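In this note's numbering, the protein residues as written are 1221 to 1644.
Now the structure itself:
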């Protein structure tokens, strides 16, 4: 279903950023491996997280779902033989987590995804899992799914990961407590910083990770049952924050208790781009109308945010260089190419680089028909571009793409006063 977006002079109101998708998926994976009943409160309920529950059941866990919480009775580190192919659908994070879990199952497991996911090479994930001693393989030369895992053990020991995407690190940590040898994981300091929120959860479930020189020392202790409340994620509200900052608006964001991981990287990007987000006792406040500045923006920690940052750069006077975001090319779409193509249709001027974009601002965007590329991040960025443009913007298949990761995206914007709706 298509989306229609019309210009917005102002937005106002309050919102609570949605719960973290990564925390929801990782907590579900840990609960699957733990023994006993684990409770996940405030989960993000979207297609990309629901797939984790379905896979958990296929691997032997018992799952009970309500609106407010998920209860998962785990398999005590011994995943069962799945009767069918494990289908991660459209979620690369789910696929990475489930592949590492399958390494512990005493069986051969096949993992697959939808057409889009099957086109995403993941050599870094497979290479790193092999360094942990897992027997994992792609069925294709480019290391894209389907994957075949000959499970039963993870060797462990001293492991040098080298250059690997931060998005794969949670999956690489996941099986370590069940390895034959205690795992000493060598990773870069920047990767440790990004892992901080995940390490806090592993500590809660009895698998506290200790620093050991330049390594992380993983305990050989199985995960215990836990109760965990998924935190709100500020970066997930990036479309609302950018839209508010660039229009005559005032937006209050409540429920965010501290920032870590990619939230820190997101706030740093806003600061470099000249946008101010004020903190308050109840959360944060985004006010407009601000004037972003052209800058060099390093997206190495948050390449997934490239589409939204590109829209922001379109409104900054001068040349903005977005760099170190090459990983964005292998996400739900080639986000660099997709956002460049669609924003050019709206009047933006930009050049593609292998790892980013060079954008000439400030652009006068004009509404037109654009393609969301079946990618929620591209669709969300185009919605904001449509709010800032002259005339009406139509985003093809926008509604379907948003359902994978943004459960209340449209209704939230409507509640703030945006003129967004389904095409008739």
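Quick reminder that beta carbons are idealized off the backbone N, C-alpha and C, glycines included. Here the structure is a predicted model, which is why all the values come from computation and not from measurement.
query	result
By the DSSP assignment, the beta strand (DSSP E) with residue 1449 in it spans what residues?	1447 to 1449
Could you tell me which residues DSSP pairs with residue 1570 in its beta bridges?	1579
Assign residue 1620 to one of three DSSP states: helix, strand, or coil.	helix
Apart from the five residues on each side of it in sequence, which residues of its chain come closer than 8 Å, Cβ to Cβ, to residue 1429?	1393, 1419, 1422, 1423, 1436, 1437, 1438 and 1439
Taking residue 1345 and residue 1246 to be in contact with their CB atoms under 8 Å, please state how far apart those CB atoms are, rounded to whole angstroms.	15 Å between Cβ atoms; not a contact.
Take residue 1396 and list the residues in its own chain whose beta-carbon comes closer than 6 Å to its own, dropping the five residues that flank it on each side.	1403 and 1438
In three-state terms, what does DSSP make of residue 1420?	helix
List in chain order: all unbroken beta strand (DSSP E) runs of 3+ residues lying wholly within the segment 1456 to 1531.	1470 to 1474, 1497 to 1500, 1503 to 1507 and 1516 to 1518
For residue 1374 and residue 1347, what's the separation of their Cα atoms in angstroms?	14 Å
Leaving out five residues before and five after residue 1568 in sequence, what residues of the same chain have Cβ atoms less than 6 Å from its Cβ?	1534 and 1583
Tell me whether the beta-carbon of residue 1337 lies closer than 8 Å to the beta-carbon of residue 1637.	no
Buried or exposed: residue 1604, going by 16 or more other Cβ atoms within 10 Å of its Cβ?	buried
Nearer than 7 Å: is that true of the beta carbon of residue 1242 relative to any heavy atom of the ligand COA?	Ligands are entirely absent from the displayed structure, and the ligand COA is therefore not among its contents.
Might you give, ordered along the chain, the residues of its own chain that have their beta carbon closer than 6 Å to the beta carbon of residue 1589, omitting 5 neighbours on each side?	1614
Please state whether the Cβ-Cβ distance between residue 1559 and residue 1527 is less than 8 Å.	yes
Only counting runs of 3 or more residues, tell me where the beta strand (DSSP E) segments fall wholly within the segment 1236 to 1263, in order along the chain.	1257 to 1261
Any idea which residues DSSP pairs residue 1375 with across the strands?	Residue 1375 is not bridged to any residue.
Comparing alpha-carbon positions, which option in 1643, 1275 and 1284 lies nearest residue 1330?	1275
Here's the rule I'm using: 16 or more other beta-carbon atoms within 10 Å means buried, otherwise exposed. How should residue 1452 be labelled?	buried
Span of the alpha helix (DSSP H) holding residue 1321?	1312 to 1322
Going by the beta-carbon positions, is the gap between residue 1319 and residue 1356 smaller than 8 Å?	yes
In terms of residue numbering, what span does the beta strand (DSSP E) encompassing residue 1402 cover?	1401 to 1406
Among the residues of its own chain, which have a CB less than 7 Å from the CB of residue 1609, if the five just before and after it don't count?	1227, 1566, 1585, 1586 and 1587
Can you list, in chain order, the stretches of the beta strand (DSSP E) that have 3 or more residues and sit fully within the segment 1333 to 1370?	1356 to 1358 and 1367 to 1370
Three or more beta-carbon pairs under 8 Å between the segment 1591 to 1606 and the segment 1615 to 1630, yes or no?	yes
In angstroms with no decimal places, state the Cα-to-Cα distance between residue 1225 and residue 1448.	37 Å
Sorted by chain position, which residues of the same chain lie with C-beta nearer than 6 Å to residue 1612's C-beta, five sequence neighbours on each side aside?	1226 and 1587
Nearest-angstrom Cα distance between residue 1602 and residue 1563?	8 Å
Going by Cα to Cα distance, which pick from 1532, 1498, 1507 and 1525 is closest to residue 1513?	1532
Is residue 1635 helix, strand or coil by DSSP?	helix
Kindly give me the distance between the Cβ atoms of residue 1279 and residue 1323, rounded to whole angstroms, as I take these residues to be in contact under 8 Å.	Not confirmed; about 12 Å, so no contact.
May I ask you to report which of helix, strand or coil DSSP gives residue 1612?	coil
For residue 1641, which residues of its own chain have a beta-carbon under 7 Å away from its beta-carbon, when the five flanking residues on both sides are left out?	1224
Exposed or buried, what is residue 1342 when buried is set at 16 or more other beta-carbons lying within 10 Å of its beta-carbon?	buried
Alpha carbon to alpha carbon, how far is residue 1522 from residue 1458?	12 Å
Rounded to the nearest angstrom, what separates residue 1480 and residue 1386 at their Cα positions?	14 Å
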